[in-house]
Amino acid sequence: SQQGEEDPQALSIQEGENATMNCSYKTSINNLQWYRQNSGRGLVHLILIRSNEREKHSGRLRVTLDTSKKSSSLLITASRAADTASYFCATDNAGNMLTFGGGTRLMVKP
Amino acid sequence: EPEVTQTPSHQVTQMGQEVILRCVPISNHLYFYWYRQILGQKVEFLVSFYNNEISEKSEIFDDQFSVERPDGSNFTLKIRSTKLEDSAMYFCASSEQRIVQPQHFGDGTRLSIL
């Protein structure tokens, strides 16, 4: 089964606008994490939300988690051109492995 | 800020040859991981390693793959007899603890099998 599917696959917005990316998953999780990947680079951890949390903030990032719907969303407020990257959700079932989704490619136009 | 470093950044190898990818995890981290990302596809878990042994491995991590921590700083992934389908970006990651901890990734090694 596919775990961690992001929606949309691609998103193009103007600088200053908000960007919302969604992630759905299928199995139970211990926590869900969001990562960012600039082209040709590694994954950078953004935020981790535990299964007993519903919302978490970090700077311009806001993550929500709905375990009943097995979904999460990442909101980037007041986007900047430098936010252009791919964003991935990854689920952790309290084992040692992260299961990644296919990612959302975000382009922020100046 | 401490980083995970990987070498080489790009490795080109003939099919059937052995290749070793190297990683230096963050120094106080205890858990180490390898992932791969075939071009245009998802990042896939390969293996996790703790206390000098494999903790968990995926179906991808077959007998052609092995991992080792040869000293106190390096963590390596060996592919014994490379296949064309092994061409991918290989990412090393490390974390302080196993559960509820972010994993810190290196910039990856691009492996190209000819």
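Taken in order, these protein sequences are the chains called A and B. Last residue of the first sequence: 101 (this note's numbering), numbering continuous. Last residue of the second sequence: 129 (this note's numbering), numbering continuous. Note that CB positions come from ideal geometry on N, CA and C, so glycine has one too. Just so we're clear, the structure is a prediction, and the values are computed from it rather than from any experiment.
Secondary structure of residue i, DSSP reduced to three states
i	result
B:Asp78	coil
B:Glu18	coil
A:Asp(-2)	strand
B:Asp86	coil
A:Glu46	strand
A:Glu8	coil
B:Glu111	coil
B:Glu100	helix
Backbone CA spacing between residue i and residue j [nearest angstrom]
i	j	result
A:Cys80	B:Thr28	32 Å
A:Thr11	B:Phe60	26 Å
A:Thr95	B:Thr97	31 Å
A:Asp74	A:Pro101	11 Å
A:Tyr78	B:Tyr50	17 Å
B:Ile128	B:Gln52	14 Å
B:Ser24	A:Phe91	22 Å
B:Thr91	B:Ile114	23 Å
B:Pro85	A:Asn84	29 Å
Environment of residue i [buried if 16+ CB atoms lie within 10 Å]
i	result
A:Lys87	One detail in the question is off: residue 87 of chain A reads as Asn in this sequence, not Lys. A:Asn87 is buried by the Cβ-count criterion.
B:Thr124	buried
B:Lys57	buried
A:Arg27	buried
B:Asp77	exposed
B:Ile69	exposed
B:Asn89	exposed
A:Thr82	buried
A:Leu97	buried
Contacts of residue i in chain B (Cβ-Cβ under 7 Å)
i	result
A:Leu56	Under the 7 Å cutoff, chain B gives no residues; its nearest Cβ is about 13 Å from A:Leu56.
A:Asn13	Within chain B, no residue comes near A:Asn13; the closest Cβ sits about 16 Å away, beyond 7 Å.
Residue i: contacting residues in chain B (beta-carbon distance under 9 Å)
i	result
A:Thr82	Correct list: empty, because the minimum Cβ distance to chain B is about 11 Å.
A:Asn43	Result: empty, since nearest Cβ-Cβ is about 11 Å, beyond 9 Å.
Contacts of residue i in chain A (Cβ-Cβ under 7 Å)
i	result
B:Val34	The contacting residues do not exist; B:Val34 stays about 19 Å from chain A at best.
Cβ-heavy atom distance, residue i to the ligand SAH, below 7 Å
i	result
B:Val82	Judged by which ligands are present, the structure shown has none, so any question about the ligand SAH falls away.
Start-end ranges of the beta strand (DSSP E) lying completely within the segment 28 to 75 of chain A, minimum 3 residues: 34 to 41, 46 to 49, 52 to 57 and 62 to 67
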